[in-house]
Structures are given as structure tokens and as C-alpha cells.
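Input: a single structure, listed below in C-alpha cells.
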Amino acid sequence: MTDVLVVDDSDDIRVLTRRMLERRGHSVRAAADAEEALDMLLAAPPQVMLLDLQLPGRSGSDLLDELRERGLLDDVRVVLFSAQVNPKALGRGGLAAADGYLSKPFTQEQLIASVEDGSREKRS
Amino acid sequence: MRTVSGDPREGLVPVADLTAVIESSSDAILRQDATGAVVVWNRAAQRLLGRPAEAMRGTTLSAALAGPAAAIWAEALEHVRAGARREGLRLDIRQRGGLVVPASVTVSPAHAPDGRTDGAWVVARDLSEQVLAQRTLAESEQRVHQSELLAGTGSFVVDRDAGAMQWSAGMYAIARLDPLDVEPSVDAYLDLVHPDDRAGVAAAFATALAGDAPPDRDHRLVRADGSPGWVFLALAPSRGPAGVRGVTGVCQDVTERKAVEAAKEDFLSTVSHELRTPLTAVLGFASLLHADAPDLDEFVDPIVRNARHMHEMVERLLDYSRLEAGRVTVEPREIEFGPVLDASLERMGAALEGRKLDVAVEPGLLVRADPDALERILVNLVGNALKYGPPEAAVAVQARRGGGAATVSVADRGPGIAAEHHTAVFERYFRVPGRAVATGTGVGLAIVRQYVELHGGHAWVESIPGDGATFFFTLPDGPADGEHP
Numbered sequence: 416m417t418d419v420l421v422v423d424d425s426d427d428i429r430v431l432t433r434r435m436l437e438r439r440g441h442s443v444r445a446a447a448d449a450e451e452a453l454d455m456l457l458a459a460p461p462q463v464m465l466l467d468l469q470l471p472g473r474s475g476s477d478l479l480d481e482l483r484e485r486g487l488l489d490d491v492r493v494v495l496f497s498a499q500v501n502p503k504a505l506g507r508g509g510l511a512a513a514d515g516y517l518s519k520p521f522t523q524e525q526l527i528a529s530v531e532d533g534s535r536e537k538r539s
Numbered sequence: 070m071r072t073v074s075g076d077p078r079e080g081l082v083p084v085a086d087l088t089a090v091i092e093s094s095s096d097a098i099l100r101q102d103a104t105g106a107v108v109v110w111n112r113a114a115q116r117l118l119g120r121p122a123e124a125m126r127g128t129t130l131s132a133a134l135a136g137p138a139a140a141i142w143a144e145a146l147e148h149v150r151a152g153a154r155r156e157g158l159r160l161d162i163r164q165r166g167g168l169v170v171p172a173s174v175t176v177s178p179a180h181a182p183d184g185r186t187d188g189a190w191v192v193a194r195d196l197s198e199q200v201l202a203q204r205t206l207a208e209s210e211q212r213v214h215q216s217e218l219l220a221g222t223g224s225f226v227v228d229r230d231a232g233a234m235q236w237s238a239g240m241y242a243i244a245r246l247d248p249l250d251v252e253p254s255v256d257a258y259l260d261l262v263h264p265d266d267r268a269g270v271a272a273a274f275a276t277a278l279a280g281d282a283p284p285d286r287d288h289r290l291v292r293a294d295g296s297p298g299w300v301f302l303a304l305a306p307s308r309g310p311a312g313v314r315g316v317t318g319v320c321q322d323v324t325e326r327k328a329v330e331a332a333k334e335d336f337l338s339t340v341s342h343e344l345r346t347p348l349t350a351v352l353g354f355a356s357l358l359h360a361d362a363p364d365l366d367e368f369v370d371p372i373v374r375n376a377r378h379m380h381e382m383v384e385r386l387l388d389y390s391r392l393e394a395g396r397v398t399v400e401p402r403e404i405e406f407g408p409v410l411d412a413s414l415e416r417m418g419a420a421l422e423g424r425k426l427d428v429a430v431e432p433g434l435l436v437r438a439d440p441d442a443l444e445r446i447l448v449n450l451v452g453n454a455l456k457y458g459p460p461e462a463a464v465a466v467q468a469r470r471g472g473g474a475a476t477v478s479v480a481d482r483g484p485g486i487a488a489e490h491h492t493a494v495f496e497r498y499f500r501v502p503g504r505a506v507a508t509g510t511g512v513g514l515a516i517v518r519q520y521v522e523l524h525g526g527h528a529w530v531e532s533i534p535g536d537g538a539t540f541f542f543t544l545p546d547g548p549a550d551g552e553h554p
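From first to last, the protein sequence lines stand for chains A and B. So in the working numbering, the last spot in the first sequence is 539, and the numbers never skip. So in the working numbering, the last spot in the second sequence is 554, and the numbers never skip.
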């Protein structure tokens, strides 16, 4: 079981990822923006954070920068997921700061692999 | 003029011959007496003055001149009376019918048998054709200039031996340069090229000077006023009897087109990104529905199939726009090949239905690639193989490692491609001649080549016409990627 935090502004994507991951036995929390994500992270850091960089208001990259500065990412594996085709367009602070990348649309298998590969890595 | 004698042995021209020469001359020749009245003339003189023979005798040249010509003529005759000669007078002659003919006139003193000056010999050449030719040339140059300004084009020639360059007026307009401010040369041109594009443009000039035609190109420009722009540049070697003489080139200002292209690319890019999120939801929930309610597959399958088709169209749209804008980028990292191939085949969905695929991939094969780019490469190559191969024949996909690179091949049993097209098939919009017009954007293999080359690899095709085609590409092992530990 992996504790996953999903950060995406699309209600449907949050519901979808929650459903896909929960039926694999993972525990999922979901945030719609950077502030909500920060609150949840401070309350209890997840093992994996699935983060859409294109968030309304404060961007995902901004959030990553702050989390890194505050040392909150040390035990969190970050997987970016984005509708951006080109990971370079995510900026240097984007991909470089992440442990994985999942482009939309993704399949259930790809989503699960991105979460479980990460949790295995962290354990090893 | 030598005195005319009847004896050819003295080396002088017989009078009869001289008369024939005068008569047949295309220049008007006439003799006028001291009063200016015409007393002797040839046929060309009749033509020039527009008078029949019976109206020639006694007429005067002065009467056929108007405006400044009359004054010039009067002054010339003063000189002749003083024994001098006047050459190349540019006079407009008004013919009897009113037509004005430009002429070049030479007038010399004529002498009476006793040696005193008695009138003048006049030789006049009709300049109508010459003037017309000059005017036509000037008008033609003016038209070229106007066309260049309207089309935003310019042209130039480089003389290799002289090291000199000539620019048309359009070139100065494109560069926003005053012709007085620059000495045209290849270096002066390169100075206008954006520093990042300069090496490529310099290489193109070198290629053309060496006698080969370099590929046409768009390059950035920094105009004389500092403003940025884009030009299309086409160069070709020009040849003389002794080989390459220099370079001929054409430029076109494509700044506006580039701005439109960039806007189009941004638009296509935004639209396709915006489409990806809803597609994720549609495909994702459909897959959950498939898992939870298999009895609904009759309805779920078409949803999935169509959503995948839409996804493929979105990707094609992006391929097209990225290629057009020359903005294809990759972020290679070490990944396993198998899953990317599986994802590519899954994406192709309906196109694979009823088709055979022989896959031979080295188990656990790792490649250094951008997974999205690799997927585009595979989708395009397998899609091509399916399109051109007969439905009953299998498409073979192989991947193996060796020599510091992974080599991937996709083979079909289609009509094959003649050797002369093996390079061109990787150019955008290229179609093998003689085939029915294929569906698609015509950019698939161009995208493949660009993606492969961005990975430091090489793409090529091997084919025997009539016996199928095999497309290959390599993905070289790179240094360990420090960005993704």
C-alpha cells in the first residue's frame, strides 16, 4: 500500500486517479491546487505525489521549489503528469525536480506503474 | 575622305563603287549646299526624313528639327562653315508625317572643286531601336524593382574571382539598408544574419561557391535598424565557360509568415494540450467501466476506439505543427524499449485489427530515448508499414543492441521503394511518384527522421522494389543522464 497525493485541477482526473489507485489498494488523497497540496503535505507527507504542473494560481513548479527548500520532498517521490507533450516545456524546475513523468492521456497500467515503481525504488 | 579617282591601281575607290556604298548604307547620308538645301541624298536619308525622292531636293534639315535640336544644329553649322566637324550630335528629327525620330548626326564641311567650303556632308543614324531597347530595359528594371518591393524579395550575384557582390534594390529594402551605407559582399550579408544562424548560412555560401546547390533555408536576420526578421534564402552556383563563376541568390522576407506560423503552432499546441485532459478522463473512465461492467463492452468499446482515434489525430496535429515550426525537441533518458512499443501498438488500436505483427525485441532491452518521441517514431513507422503492406502479410518489428546503440527495424511486404527515393522519403510532404495519393499528412517519416537525429541516431530505409521495405533507426547509448538519478 502506498500513500499517494494527487494534485490536479481537473475534478475528473482526481476522481479517475483515486479510483484507479484505490482498487489497487493504495490510499489516495487529492488536492485541486498548490495551497491545498501544501496543507496536505504538511499534515502528513505522502510516499508519492502525482503533480500536474499546470495549476490555476500558483504553479506546480513553484510548489516544488518551496517543498524542496523546506526539505519536505526528501521522502516523497514526485511524478509529474501533464498534458504538455514536450517535457522541456515544463521548464528546468519541472522535470529536473521530479522522479518520474507521466504524460496524459495515461492508462491505468501506466499510472499504477508510475506509483509502484517509485515506491519500490524508495524501499530499495 | 580621300579624293576619288577612276583608277583602282592608286588604291582609291572608284566613284561608281562609292556611289553604290552610299546608296546602300543604312545610315542617312546627304549633302547640303551653302544655304542648307539638300542636293544629294541616299535612300536611308529619305527614310529618316520620311520624304519621297521628289520631296527631298531643296528641303533643309533645319526645317525638320524642333526645339533644342534646331539650336544645336545651327551652332554645328557655324563650326562647319569655319571648316570644323561635329560628331555624334543627338538630334530629334521630325518626319514629314509628324513622327519624331531620335538620330545621331555627324556633319563635316563639303568642298567645292576650288577647295572652298561649300555646304556640308551629313551622316545620320536612326536611333529609334536603340532608344526603344534602352527604354524597354529601363522599364523592365523598374518592373523588377516594383515586383521585388511588392513581393518582399531581393536578388544578388557573387563574383567569386572578384570577391564582389551585387545586390538588387530589393535586398537593401529587406535589410533596411541605404545603398550608400554598405559595400555589398558575402561578409556584409553574413553581418545581417542572426549570429545563431550565421555559421549555417556561411556554409551554404561556401557550398554554392564550390559548385553545389545548398538546400534552401529560412534564416533569422538582424536588420540595419536592429529589428529582427526572417528571410528565405535560395542559393545556386553560377557557371561560366571556365567552371563555377560565382553564386546567384534570391531572398524573400518571410517575417510575417514566420509570425503566422508561430501563432498557428501555439494554437495547435494549446488546442491539443487542452484536448488531452478530457481524453484522459474519457479513456480512463471507459477502462474502469470495461473492468467493472464487461456486459457493457458493446458500448464501451466504441467509446475507447473513438477516443483513441481522436488521441491519434491530436498527436498528428502536433507532429505537423512542430515540424512546420521546426520545433521538435526531445528529452532522452534510459528506458525499457518493450513497454514503449506496447504503448505505441496499443495506441494504434483499430489500425492493427486483423493484421499480423511479428515482434522480436531483445528481452529487457534498454534504450536511451525520450519515451514520447520514441512512441511517435514507432507509431509512424508501424503505421506506414500497415498502410503500404498487403493485409495478409505480417509487419515485422525487431529491436536489438550492438555497437553502442540500439537498432530498431520495421519491415513490410509492400511495393518497396526505388533506391533513388531512399533519401527523399524522409523529406516532408514527399510521396513516392506513381502511387495513388496516400492518406495522411505526409510528415510521418520526416518526423521520424527529426526525432531520431535529435537522439543522435540515424534513420534509413533498405528496399528492393517489389519486395517490401525495411525502415531502420538507431538510438545511440548516451552518457548517463544526470537529471534522472
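Beta carbons are placed, not taken as given, at the ideal position from N, Cα and C, and that holds for glycine.
Worksheet item: CB-CB under 8 angstroms to Leu337/B, same chain, minus the five flanking residues each way: which ones, in chain order?
Response: Sequence-distant partners of Leu337/B (beyond 5 residues in either direction) whose C-beta falls short of 8 angstroms from its own C-beta, in its chain, are Leu386, Leu387, Tyr389 and Ser390.
Item to complete: With a floor of 4 residues, list each alpha helix (DSSP H) that falls wholly inside the stretch 309-396 of chain B, ordered by position along the chain.
Response: Whole alpha helix (DSSP H) segments, 4+ residues: 324-361 and 366-394.
Worksheet entry | Contacts around Ala465/B, its chain only, beta-carbon distance under 7 angstroms, and the 5 residues preceding and following it disregarded | So the qualifying residues of the chain are Asp427 and Ala480.
Worksheet entry | Cβ distance (whole Å) where Asp195/B is taken to contact Ala172/B below 8 angstroms | The Cβ separation is near 6 angstroms, so the contact holds.
Worksheet item: Which of helix, strand or coil does DSSP assign to Phe541/B?
Response: Looking at Phe541/B - three-state DSSP - the assignment turns out to be strand.
Practice prompt. Taking a Cβ distance cut-off of 7 angstroms, strictly less, list which residues of the stretch 261-287 of chain B are near chain A, in chain order.
Written response: For the stretch 261-287 of chain B, which is checked against every Cβ of chain A, not one residue is closer than 7 angstroms.
Discussion item. At a threshold of 7 angstroms, does Arg120/B count as lining the ligand PLP (C-beta to nearest heavy atom)?
Written reply: This structure does not include the ligand PLP; it has no bound ligands of any sort.
Worksheet entry | Distance between Arg374/B and Pro502/A (C-alpha atoms, nearest Å) | Reliability fails at Pro502/A, whose pLDDT of 48 lies under 50, so the model's placement of it is uncertain and the value that follows must be treated cautiously. Going by the C-alpha atoms only, they are around 27 angstroms apart.
Worksheet item: If contact means a Cβ-Cβ distance below 9 angstroms, which residues of the stretch 337-349 of chain B contact chain A?
Response: So the list reads Ser338, Ser341, His342, Glu343, Leu344, Arg345, Thr346, Pro347, Leu348 and Thr349, given in the order they occur along the chain.
Item to complete: Check the Cβ-Cβ distances between Phe406/B and every residue of chain A, and say whether any is below 8 angstroms.
Response: It does not: the Cβ of Phe406/B has no partner Cβ on chain A nearer than 8 angstroms.
Discussion item. For chain B, check one thing: does any of its Cβ atoms lie closer than 8 angstroms to the Cβ of Ser476/A?
Written reply: Nearest CB-CB separation between Ser476/A and chain B: not below the 8 angstroms threshold.
Worksheet entry | Limits of the beta strand (DSSP E) - the one that Ala438/B falls within | Per DSSP, the continuous beta strand (DSSP E) segment holding Ala438/B begins and ends at Leu435 to Ala438.
Worksheet entry | Cutoff 6 angstroms; reference Gly509/A; Cβ partners in own chain excluding five residues on either side | Residue confidence for Gly509/A is low, a pLDDT of 49 falling below 50, so the modelled location carries little weight; the figure read from the coordinates is stated next. Taken in chain order, the residues that qualify are Leu468 and Ser476.
Worksheet item: By the 10 Å Cβ neighbour count, where 16 or more other Cβ atoms means buried, how is Ser341/B classified, buried or exposed?
Response: The residue is buried, with at least 16 neighbouring Cβ atoms inside 10 Å.
Worksheet entry | Thr522/A - DSSP class collapsed to helix/strand/coil | Here DSSP, grouped into helix, strand and coil, assigns Thr522/A to coil.
Worksheet entry | Neighbouring residues, chain B, relative to Met435/A (Cβ below 9 angstroms) | By Cβ distance, chain B contributes Gly353, Ser356 and Leu357.
Worksheet item: What does His524/B touch in chain A if you count any residue whose Cβ is under 9 angstroms from its own?
Response: In chain A, no part has a C-beta under 9 angstroms from the C-beta of His524/B; the shortest such distance is about 14 angstroms.
Discussion item. I need the DSSP call for Phe499/B, collapsed to helix, strand or coil.
Written reply: Phe499/B: coil per DSSP, three-state reduction.
Worksheet item: Which partner residues does Arg470/B have in the DSSP bridge list?
Response: Assignment of beta-bridge partners to Arg470/B by DSSP yields Ala475/B.
Fill in: Any C-beta of chain A under 8 angstroms from that of His380/B
The C-beta of His380/B comes closer than 8 angstroms to at least one C-beta of chain A.
Fill in: From Ser254/B, Asp411/B and Asp265/B, residue whose alpha carbon lies closest to that of Ala233/B
Taking only the C-alpha atoms, the option nearest Ala233/B is Ser254/B.
Worksheet item: Whole-angstrom Cβ separation of Leu434/B and Ala493/B, contact assumed at under 8 angstroms?
Response: Not a contact, Cβ separation roughly 31 angstroms.
Worksheet entry | Selected residue, minimal CA-CA separation from Ala282/B, among Gly152/B, Val291/B, Thr317/B and Pro545/B | If we check each option's Cα against that of Ala282/B, Thr317/B comes out closest.
Item to complete: Please classify Ile533/B: is it buried, with 16 or more other beta-carbons within 10 angstroms of its beta-carbon, or exposed?
Response: Exposed is the call here.
Worksheet entry | Below-8 angstroms beta-carbon distance, Thr372/A vs any chain B residue | Outside the displayed span of chain A (416 to 539) sits residue 372/A, for which this structure offers no information.
Discussion item. Output needed for Gly136/B: all residues of its chain with C-beta closer than 8 angstroms, excluding positions within five of it in sequence on either side, in chain order.
Written reply: Excluding sequence neighbours, Gly136/B sits near Asp161.
Worksheet item: Taking DSSP as the reference, what is the three-state secondary structure of Pro460/B?
Response: Here Pro460/B sits in coil by DSSP.
Item to complete: Can you give me the start and stop residues for the beta strand (DSSP E) that Asp427/B sits inside?
Response: Following the DSSP letters along the chain, one finds Asp427/B inside the beta strand (DSSP E) bounded by residues Leu426 to Val430.
Worksheet item: What does Ile428/A touch in chain B if you count any residue whose Cβ is under 7 angstroms from its own?
Response: For the C-beta of Ile428/A, the chain B residues within less than 7 angstroms are, from N- to C-terminus, Thr346, Thr349 and Ala350.
Worksheet entry | As assigned by DSSP and simplified to three states, the class of Ser532/B | Reduced to three states, the DSSP call for Ser532/B is strand.
Worksheet item: From Glu217/B to Ala114/B, what does the alpha carbon distance come to, in whole angstroms?
Response: Going from the Cα of Glu217/B to the Cα of Ala114/B covers about 44 angstroms.
Discussion item. So if DSSP puts Leu304/B in a beta bridge, which residue, or which two residues, is it bridged to?
Written reply: Answer is Gly318/B.
Worksheet item: Taking Cβ-Cβ distances shorter than 7 angstroms, what residues in chain B pair up with Leu470/A?
Response: Under the 7 angstroms cutoff, chain B gives no residues; its nearest Cβ is about 12 angstroms from Leu470/A.
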